[in-house]
Amino acid sequence: MNTRLLAVLAALTLTLTGCAAMTSDTSALTAPQTLYQAVIVDPADGARLSPEQLADRLAGSRVVVVGEYHGHPASHLLQSRLQLALYQRQPHQILSMEQFERDHQADLDRYLAGELGEAEMIEDTGAWDNYRGSYRALVEFARQHRLPVVAANAPGALVRCVGRQGREALARMPAAERAWLARQPFLDSDAYQDKFADAIGGSHGTDDASMSERMRNAYLAQLLRDNTMAESILDALARHPGDQVLHTTGTFHSEQRLGTVAVLLQRAPDLDVTVISPVFWPTDVDDPPLPGNRDKGDYLYFIQPLPPEYQDPERAREAMRARFSGAGTGRCP
3 MNTRLLAVLA ALTLTLTGCA AMTSDTSALT APQTLYQAVI VDPADGARLS PEQLADRLAG
63 SRVVVVGEYH GHPASHLLQS RLQLALYQRQ PHQILSMEQF ERDHQADLDR YLAGELGEAE
123 MIEDTGAWDN YRGSYRALVE FARQHRLPVV AANAPGALVR CVGRQGREAL ARMPAAERAW
183 LARQPFLDSD AYQDKFADAI GGSHGTDDAS MSERMRNAYL AQLLRDNTMA ESILDALARH
243 PGDQVLHTTG TFHSEQRLGT VAVLLQRAPD LDVTVISPVF WPTDVDDPPL PGNRDKGDYL
303 YFIQPLPPEY QDPERAREAM RARFSGAGTG RCP
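Its first residue numbered 3, the sequence shown is counted upward by one per residue in the numbering used here.
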């Protein structure tokens, strides 16, 4: 039985058993005790799940998306534990990763085939600085079990050009570079526009006349990543019919089934996609942070907050704008 049908049946059960059942029993939930611990919950009823119990529920899902806060040890430990548990139930598995870009797929494949050493792969693919501490375990599991690893993301240099120049940047790109990007690069939704504008300190949707050109271009750069990752997943499923995709990504790309997930479902409405999203549970809060967070994922995992990056709100917003737009130097066509 697929996960969406299970969710519908669960909702129907709650309706039939009366209003009293609508109150979750979260008394057994306790806050994570370390930065490595993730407390997995079903947001429908607040039930705690182990990675193995969660994998039992996800065995029939075609795409499992695990959102993360980049560099959070609990996110990466959970991804590794879930990768193993899912593989034990469905060994035909594909690992899809935001953390590698499409134009380096051949370099990644050479590593998986034993033609490159790890240091060579990290250098040739431009792997993230935290690769060894955060993603090595996932890639090594796939390599040891001869599983495909998909470099799903759009090339950063091309994303940065769109972040600076907008849609016009695509028209000026050489065909060989444009081929690394999604064929439909800017599919989106109103809800995602609003979420993006709120995240970077705006008060209007990205199509509003008062929206700055800089913010609109940053949003287009974000969409380029989402659409390219979604297409990479769909292409992988087409190459490996019947396999299950485990996709790792920053939570903004997937929570509330927006971003990459919304694009997936626009292009493949019948695709069974499950979203697992992180939620911070501060150490000084006793009650589980379910209110206001239930819609972030089909399943949630509670983790301790990371130390604050900024105390100055304006510096934080500026950093967020730069992060979304891929701001930086480099030539554009």
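All C-beta atoms, glycine included, are put in the ideal place defined by N, C-alpha and C.
* Can you tell which of Ala240, Arg241, Ile235, Thr251 has the C-alpha that lies nearest to the C-alpha of Leu266? -> Ile235
Worksheet item: So, is Tyr312 buried or exposed, given that buried needs 16 or more other C-beta atoms within 10 angstroms?
Response: exposed
Among residues of its own chain, excluding the 5 on either side of Gly261, which ones have a beta-carbon nearer than 7 angstroms to its beta-carbon? Tyr194, Asp228, Phe254, His255
> Can you tell me whether DSSP reads Glu100 as helix, strand or coil?
Replying inline: strand
| message | Residues in the same chain with beta-carbon distance under 7 angstroms from Leu302, minus the five sequence neighbours each way, listed in chain order, please. | response | Val43, Pro45, Ser279, Val281, Asn295
Reducing DSSP to helix, strand and coil, say where Ile202 ends up. coil
* Asked: Is there contact here, the stretch 283-293 with the stretch 93-102, by at least three beta-carbon pairs under 8 angstroms?
  -> no
- Query: To the nearest angstrom, how far is it from the Cα of Ala30 to the Cα of Ile96?
  - Reply: 34 angstroms
Output needed for Thr127: all residues of its chain with C-beta closer than 7 angstroms, excluding positions within five of it in sequence on either side, in chain order.
Phe102, His106, Asp109, Leu110
Beta-carbon contacts of Ala232 that lie in its chain and below 6 angstroms, excluding the five residues immediately before and after
Thr262, Val265, Leu266
- Where Thr230 and Glu142 are concerned, what is the direct C-alpha to C-alpha distance, given to the nearest angstrom? 24 angstroms
**Message:** Quick check on DSSP: helix, strand or coil for Tyr301?
**Reply:** strand
Mapping DSSP to helix, strand and coil, what is Ala270?
coil
**Prompt:** Around the Cβ of Ala211, are there at least 16 other Cβ atoms within 10 angstroms (buried) or fewer (exposed)?
**Reply:** Unreliable positioning characterises Ala211 in this predicted model, as indicated by a pLDDT of 48, which lies under 50. The coordinate reading is nonetheless provided below. Looking at its Cβ environment, which holds fewer than 16 other Cβ atoms inside 10 Å, Ala211 is exposed.
Going by beta-carbon coordinates alone, are Leu37 and Ser82 separated by less than 8 angstroms? no
**Item:** CB contact check: Ile96 to chain C, cutoff 8 angstroms
**Value:** Structure shown: chain C not included; a single protein chain is present.
ask   = On the premise that Pro34 lies in contact with Ala76, defined as a C-beta separation below 8 angstroms, what is that separation, rounded to the nearest angstrom?
value = 7 angstroms
*Cβ shell of Gly73 (< 7 angstroms), same chain only, five flanking positions each side left out*: Asn132, Ser136
Residue environment, Gln146, which counts as buried when at least 16 other CB atoms sit within 10 Å:
exposed
Using 8 angstroms as the threshold, is the C-beta distance between Leu172 and Val164 below it? yes
By the DSSP assignment, the beta strand (DSSP E) with Val67 in it spans what residues? 65-70
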